Amino acid sequence: MIEIISLEKAFGRQKVLRGVNLTIGNGEVMAIIGESGGGKSVLLKHLIGILKPDSGRILVDGEDITALSPGEFDRIRNKFGVVFQEGALFDSMTVFENIVFPLKEKTRLGREEIRARGVRGLEDVGLRDMGDKYPSEISGGMKKRVALARALIAKPSVVLFDEPTTGLDPVIMNSIHGLIRQTHQKYGFTGIIISHEIPEIFTISDKVAMLHDGSIVEAGTPGEIRSSSNPVVRRFVTTGCEDYSKSIP
Amino acid sequence: MNRKRMSWNKRGHAHPLATETTGAMVLENFLRILGSWALSIVRSMGRMLLFLSSAVYFIFIPPFKFGLLLRRIRFFGAKSLTIILLTGAFTGMVLAIQLYYTLRKFGSEALLGPAIALSLIRELGPVLSALMVTGRAGSALTAELGIMRISEQVDALVSMALNPMRYLVVPNIVAAVITFPLLASIFDVIGIYGGYLVGVRLLGLSQATYFSQMESFVEMKDVSIGLYKSLSFGVIVAWVSCYKGYHTDITGYGAEGVSSSTTSAVVTSSVLILIWDYFLGSVLL
Chain Z
154 MIEIISLEKA
164 FGRQKVLRGV
174 NLTIGNGEVM
184 AIIGESGGGK
194 SVLLKHLIGI
204 LKPDSGRILV
214 DGEDITALSP
224 GEFDRIRNKF
234 GVVFQEGALF
244 DSMTVFENIV
254 FPLKEKTRLG
264 REEIRARGVR
274 GLEDVGLRDM
284 GDKYPSEISG
294 GMKKRVALAR
304 ALIAKPSVVL
314 FDEPTTGLDP
324 VIMNSIHGLI
334 RQTHQKYGFT
344 GIIISHEIPE
354 IFTISDKVAM
364 LHDGSIVEAG
374 TPGEIRSSSN
384 PVVRRFVTTG
394 CEDYSKSIP
Chain F
79 MNRKRMSWNK
89 RGHAHPLATE
99 TTGAMVLENF
109 LRILGSWALS
119 IVRSMGRMLL
129 FLSSAVYFIF
139 IPPFKFGLLL
149 RRIRFFGAKS
159 LTIILLTGAF
169 TGMVLAIQLY
179 YTLRKFGSEA
189 LLGPAIALSL
199 IRELGPVLSA
209 LMVTGRAGSA
219 LTAELGIMRI
229 SEQVDALVSM
239 ALNPMRYLVV
249 PNIVAAVITF
259 PLLASIFDVI
269 GIYGGYLVGV
279 RLLGLSQATY
289 FSQMESFVEM
299 KDVSIGLYKS
309 LSFGVIVAWV
319 SCYKGYHTDI
329 TGYGAEGVSS
339 STTSAVVTSS
349 VLILIWDYFL
359 GSVLL
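First to last, the protein sequences are chains Z and F.
Mapping of the first sequence onto the working numbering: position 26 corresponds to residue 179, and the numbering continues sequentially without gaps.
Mapping of the second sequence onto the working numbering: position 109 corresponds to residue 187, and the numbering continues sequentially without gaps.
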């Protein structure tokens, strides 16, 4: 279980997170929705220790990870897999090398076992024949699939998705969502998905939380979020519109 | 502050009190800018030193990445060979022409060999080869790490519980320490043969004089000085290039950030090479 308690983060004078509270149960898929630039990715980076909060706590299976030293944090990171926004594939490596990289570097598995798991990973995301290609030779949708395969290869208990379908056409977007659903059913990981694909994201999430103005304004099942009476949530969910009124002088 | 007190008299001259206040404001602003500039320099130097100390720490902590190290040796060394051969040969040839005409004025043409060898081994070999590698490999290294930073590849390593220092910085620093002295040595040898071509083949100095005088004047100490210099230049180039690339997000965003990091890496490395060369030359003289 992941519990985020009163998490605050500011960059200079700009307060991005103003006391985020959120609980994500084991095996759950939680979608975090909200306006662009609203701090969703910042929140995600706190979970893997790329950013340190100014105050607040994050409990992973009861352990406060904000108090851990960088060395100790690696133990927590081993529980996580991350699918970055643009894939973050290593461009000097082939697709296959990218997928098996965590296994090669972090485990003592033999070459054959690594190869077998790499092939299985490629098959899971429907890219069996793409192993020898370089990231620059494949499409955006394929990159996200490879990133998903790489995130899953070490069988993490939690997978974080940072806008996994941004910039993709609706067909590819639905196929990525389908892939997330399938792999979740197969591996049973806890998923945290940052997204603003409304309403598509509701179909693959168990819970949805809306981050607005640096805090969670509403969290619940997709049905509860759809029927929310909170005007901010309603506007975002029904129209997908972001509130730019504050930026208008 | 005191803006209301700034007034002008009927002839259009500033009131004495107003002039004084404006002067104080200008001085205050100047000191503020100077102070913030000094603070940012100190901060930046501190960050760079911490970065280097962290990299040096991980050099001695297993697991060692020998495969990556070999790739970086190829990147710094083998791929720089053409430019080193070319610049080494022409540096020796230019030295031969210039020194021959200077030495002839003193009737000391016989000393052409040692003059070329000492200039190359002690000074020009390490410095010019380091500057060449900075332009070729240092800039490429900064751009590579910068792109890795902005495309979240560095964050991807962190998220996999893998230390980016171990993968991206340590192999480069060790590879530079290994390859820079080798490249400087190749530069020296090629330069000496370039000088031989001009001095002996073109200007008619005897081959025996060129090489025998060199043998008697060049000491092991001169060779050591050249090696120490190129070793330290290797550390400087790899350190600055890695730091600038790794912290591309500090200098700017996106492609512009990578571009300014690369420029900054080449300029900083080149300036540091020349400054460090002076200090090391003074100490080791």
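Just so you know, even glycine gets a beta-carbon here, dropped at the ideal spot from N, CA and C.
All values derive from a computational prediction rather than experimental measurement.
Listed by chain order, chain F residues near residue i by CB distance under 7 Å
{"i": "alanine 241/Z", "result": "Ser229, Glu230, Gln231, Asp233 and Ala234"}
7 Å Cβ cutoff, residue i in contact with chain F
{"i": "proline 255/Z", "result": "yes"}
{"i": "isoleucine 201/Z", "result": "yes"}
{"i": "asparagine 231/Z", "result": "yes"}
{"i": "glutamate 258/Z", "result": "yes"}
Identity of the residue in the options nearest residue i by Cα
{"i": "leucine 358/F", "options": "Val344/F, Ser302/F and Val236/F", "result": "Ser302/F"}
{"i": "leucine 130/F", "options": "Ile351/F, Val361/F and Val248/F", "result": "Val248/F"}
{"i": "glutamate 181/Z", "options": "Arg387/Z, Val370/Z, Ile369/Z and Val311/Z", "result": "Val311/Z"}
{"i": "alanine 151/Z", "options": "Ile325/Z, Phe249/Z, Pro288/Z and Glu258/Z", "result": "Because residue 151/Z is not part of the residues shown, which for chain Z are 154 to 402, the question remains open."}
{"i": "methionine 283/Z", "options": "Arg379/Z, Gln338/Z, Glu265/Z and Thr247/Z", "result": "Thr247/Z"}
{"i": "valine 299/Z", "options": "Gly234/Z, Ile351/Z, Met363/Z and Glu371/Z", "result": "Gly234/Z"}
{"i": "arginine 125/F", "options": "His325/F, Ser347/F, Ile268/F and Ile162/F", "result": "His325/F"}
{"i": "lysine 259/Z", "options": "Arg152/F, Met238/F and Ala188/F", "result": "Met238/F"}
{"i": "tyrosine 321/F", "options": "Ala333/F, Thr340/F and Arg200/F", "result": "Thr340/F"}
{"i": "methionine 123/F", "options": "Tyr178/F, Trp317/F, Tyr288/F and Tyr271/F", "result": "Trp317/F"}
{"i": "isoleucine 347/Z", "options": "Ser358/Z, Gln338/Z and Lys339/Z", "result": "Ser358/Z"}
{"i": "threonine 60/F", "options": "Ala133/F, Thr220/F and Glu187/F", "result": "In the structure as shown, chain F starts at 79 and stops at 363, and residue 60/F therefore has no counterpart that could be examined."}
{"i": "lysine 307/F", "options": "Leu246/F, Gly155/F, Leu206/F and Ile225/F", "result": "Leu206/F"}
{"i": "proline 255/Z", "options": "Leu246/F, Tyr288/F, Ile256/F and Leu240/F", "result": "Leu240/F"}
{"i": "phenylalanine 314/Z", "options": "Phe164/Z, Glu161/Z and Ser194/Z", "result": "Ser194/Z"}
{"i": "serine 319/F", "options": "Glu293/F, Met298/F and Ser348/F", "result": "Ser348/F"}
{"i": "alanine 156/F", "options": "Ala286/F, Phe258/F and Ala193/F", "result": "Phe258/F"}
{"i": "methionine 292/F", "options": "Ala218/F, Gly282/F, Gly273/F and Arg279/F", "result": "Gly273/F"}
{"i": "proline 478/Z", "options": "His330/Z, Val370/Z and Met154/Z", "result": "The structure shown does not extend to residue 478/Z, since chain Z spans only 154 to 402, so no value can be given for it."}
{"i": "asparagine 179/Z", "options": "Thr343/Z, Lys232/Z and Pro317/Z", "result": "Thr343/Z"}
For residue i, the three-state DSSP class (helix, strand or coil)
{"i": "histidine 365/Z", "result": "strand"}
{"i": "glutamate 371/Z", "result": "strand"}
{"i": "serine 129/Z", "result": "The structure shown does not extend to residue 129/Z, since chain Z spans only 154 to 402, so no value can be given for it."}
{"i": "isoleucine 353/F", "result": "helix"}
{"i": "lysine 168/Z", "result": "strand"}
{"i": "aspartate 217/Z", "result": "strand"}
{"i": "isoleucine 252/Z", "result": "helix"}
{"i": "valine 235/Z", "result": "strand"}
{"i": "phenylalanine 258/F", "result": "helix"}
{"i": "lysine 399/Z", "result": "Any reading at lysine 399/Z must be qualified, since the residue scores a pLDDT of 47, below 50, and its modelled position is unreliable; the value itself is stated next. If DSSP states are grouped into helix, strand and coil, lysine 399/Z belongs with the helices."}
{"i": "isoleucine 291/Z", "result": "coil"}
{"i": "arginine 281/Z", "result": "helix"}
{"i": "glycine 113/F", "result": "helix"}
{"i": "valine 296/F", "result": "coil"}
{"i": "phenylalanine 342/Z", "result": "coil"}
{"i": "alanine 156/F", "result": "helix"}
{"i": "threonine 260/Z", "result": "coil"}
{"i": "serine 337/F", "result": "helix"}
{"i": "lysine 296/Z", "result": "helix"}
{"i": "isoleucine 201/Z", "result": "coil"}
{"i": "phenylalanine 389/Z", "result": "helix"}
{"i": "glycine 274/Z", "result": "helix"}
{"i": "threonine 319/Z", "result": "coil"}
{"i": "methionine 183/Z", "result": "strand"}
{"i": "asparagine 241/F", "result": "coil"}
{"i": "serine 380/Z", "result": "coil"}
{"i": "phenylalanine 138/F", "result": "coil"}
{"i": "leucine 175/Z", "result": "strand"}
Beta carbon proximity, residue i to chain Z, threshold 7 Å
{"i": "leucine 240/F", "result": "yes"}
{"i": "serine 237/F", "result": "yes"}
Supposed close pair residue i, residue j - CB separation, criterion 8 Å
{"i": "arginine 230/Z", "j": "isoleucine 201/Z", "result": "6 Å"}
{"i": "glycine 304/F", "j": "glycine 166/F", "result": "That belief does not hold up - the Cβ atoms of glycine 304/F and glycine 166/F are roughly 13 Å apart, past 8 Å."}
{"i": "histidine 315/F", "j": "threonine 212/F", "result": "First, the residue type needs correcting, since residue 315/F is valine and not histidine in the sequence shown. So it is a contact: roughly 5 Å between Cβ atoms."}
{"i": "histidine 365/Z", "j": "glutamate 188/Z", "result": "7 Å"}
Contacts that residue i makes with chain F (C-beta to C-beta distance below 9 Å)
{"i": "phenylalanine 237/Z", "result": "Ser229, Glu230, Gln231, Asp233, Ala234 and Ser237"}
{"i": "glutamate 225/Z", "result": "Result: empty, since nearest Cβ-Cβ is about 11 Å, beyond 9 Å."}
{"i": "glutamate 353/Z", "result": "Those within 9 Å of glutamate 353/Z in chain F number zero; the least Cβ separation is about 24 Å."}
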